[in-house]
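Colleague: Take 620 as the starting number for the sequence shown in the numbering used here and just add one per residue.
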Amino acid sequence: MFLNSWAATARGVSNTICPRFDLATLFPPRNISGFKPSTGIMKDKIVTKRFVFNASMIAALKAEYTDNASVECKRCPTRIEALSAFIWSRFVAATTQGKLDPERLYTVLHAVNLRTRMDPPLSECYFGNISRFSIATPCMDSKGECHGLVNQMRDAIKTIDGEYVKKLQEGNGHLNFMKERAEKVTKGDVLSFSFTSLCRFPLYETNFGWGKPLWVGSCSLTFKNLVVFMDTASGNGIEAWVNLKEADMATFEGDEELLAFATPTRY
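1. What's the gap between the Cα of C838 and the Cα of T714?
2. With DSSP collapsed to three states, give me the class of S761.
3. Kindly give me the distance between the Cβ atoms of F646 and Q788, rounded to whole angstroms, as I take these residues to be in contact under 8 Å.
4. From what residue to what residue does the alpha helix (DSSP H) around K668 run?
5. Taking the continuous beta strand (DSSP E) assigned at R885, which residues delimit it?
6. Where does D738 fall in DSSP's three states?
7. So, using beta-carbon positions, are E865 and K664 closer together than 8 Å?
8. Starting from M849, trace the beta strand (DSSP E) both ways and give me its first and last residue.
9. Excluding the 5 residues flanking K821 on each side, which residues of the same chain have their C-beta closer than 6 Å to its C-beta?
10. Since L642 and G747 are thought to touch, with beta carbons under 8 Å apart, how far apart are those beta carbons, to the nearest angstrom?
11. Taking 8 Å as the limit between beta carbons, can you name the residues of its chain near L622, skipping five residues before and five after?
12. Go to A626, then tell me how far its alpha helix (DSSP H) extends in each direction, as first and last residue.
13. Select from K681, L724, W625, G631 the residue whose C-alpha is nearest the C-alpha of R694.
14. For Y732 and A775, what's the separation of their Cα atoms in angstroms?
15. How many Å lie between A859 and R649 at the Cα?
16. Answer with buried or exposed for D867, where buried requires no fewer than 16 other C-beta atoms within 10 angstroms of its C-beta.
17. In the structure shown, what three-state DSSP assignment does W829 receive?
18. Measure how close the beta-carbons of I677 and R709 come, nearest whole angstrom, since I'm counting them as under 8 Å.
19. From V671, C637, N634, T644, pick the residue whose C-alpha is nearest to that of R885; which is it?
20. Taking K786 as part of the alpha helix (DSSP H), name the residues at either end of that continuous run.
21. Report the option in K843, V847, P832, F827 whose CA atom is closest to the CA atom of T815.
22. Checking 8 Å against the spacing of the C-beta atoms, do T735 and S753 come in under that value?
23. CA-CA distance, Q716 and H729?
24. Once the 5 residues before and after P757 are set aside, which same chain residues still bring their CB inside 7 Å of it?
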């Protein structure tokens, strides 16, 4: 909403909806003196590359994860669920030969929009990244696959509900959890892989006065093991902007199964 309101103002539209900047009334500021703002930003060289999944390949992956789901969880995954599970599995296959280190904790994170999960739902007029990460702990089967990850991700996201948001507003539990988690990540006890999606956002409708964009992309990010999903210009496919350490990317982008479903790009 903020971006389109900004664009409308740039075009001289007079009756635009102004964003609200008083989110602190709902989420009061906390004492964060014990947190380092650089946590998560790596000294390693991070490489960002874009992989495009067309509609037919996404449909094939959704069907594959549906067929391999347990009988009691036979629900077709969403596009993001299927792509997340697939990219995670290819990352593991490329960097660990499908064998997870039993001494490490592996987690898959998804950014979850809190606006629709509040009671009552929060207006889109509020400015800010009003989100939190759900955390799933994947496990691999004997063949090095993780078909159960779709349901694990889905269950993790369900835990972020109205009650979760209330606790977030009232106490320091979330901050303490993030501090403990950051310490484990820094020590190497946890390997996290994060996903966030901008799909379905009306980015291609944004017009600052010189027309709608032909293509919308993501900036390079300094966080490793992060994937940003964005719609293709046609709206039918999805672009995965993958951020990995340089050595991991060299192995990942050569994975044959990945390339059977995704098209890498030069930019």
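Built from N, CA and C at the ideal position, the CB exists for glycine as well. Being a predicted model, the structure only gives us computed values, none of them experimental.
Modeller: Reading off the structure:
1. 25 Å
2. Per-residue confidence for S761 stands at a pLDDT of 49, beneath the threshold of 50, marking its modelled position as unreliable; the derived number appears in the next sentence. Correct three-state label for S761: coil.
3. 6 Å
4. Premise fails: K668 lies in the beta strand (DSSP E), 665-672, not in any alpha helix (DSSP H).
5. No beta strand (DSSP E) holds R885; DSSP gives it neither H nor E.
6. coil
7. yes
8. 845-850
9. Checking the sequence shown, residue 821 turns out to be Pro, not Lys. Taken in chain order, the list of residues that qualify is empty.
10. 5 Å
11. L822, T825
12. 621-629
13. K681
14. The displayed chain sequence assigns Asn, not Tyr, to residue 732. Going by the C-alpha atoms only, they are around 13 Å apart.
15. 34 Å
16. buried
17. coil
18. Going by Cβ atoms, the distance from I677 to R709 rounds to 15 Å, so no, they are not a contact pair.
19. V671
20. 781-789
21. V847
22. no
23. 24 Å
24. W707, Y725, V727, C765, L768, Q771
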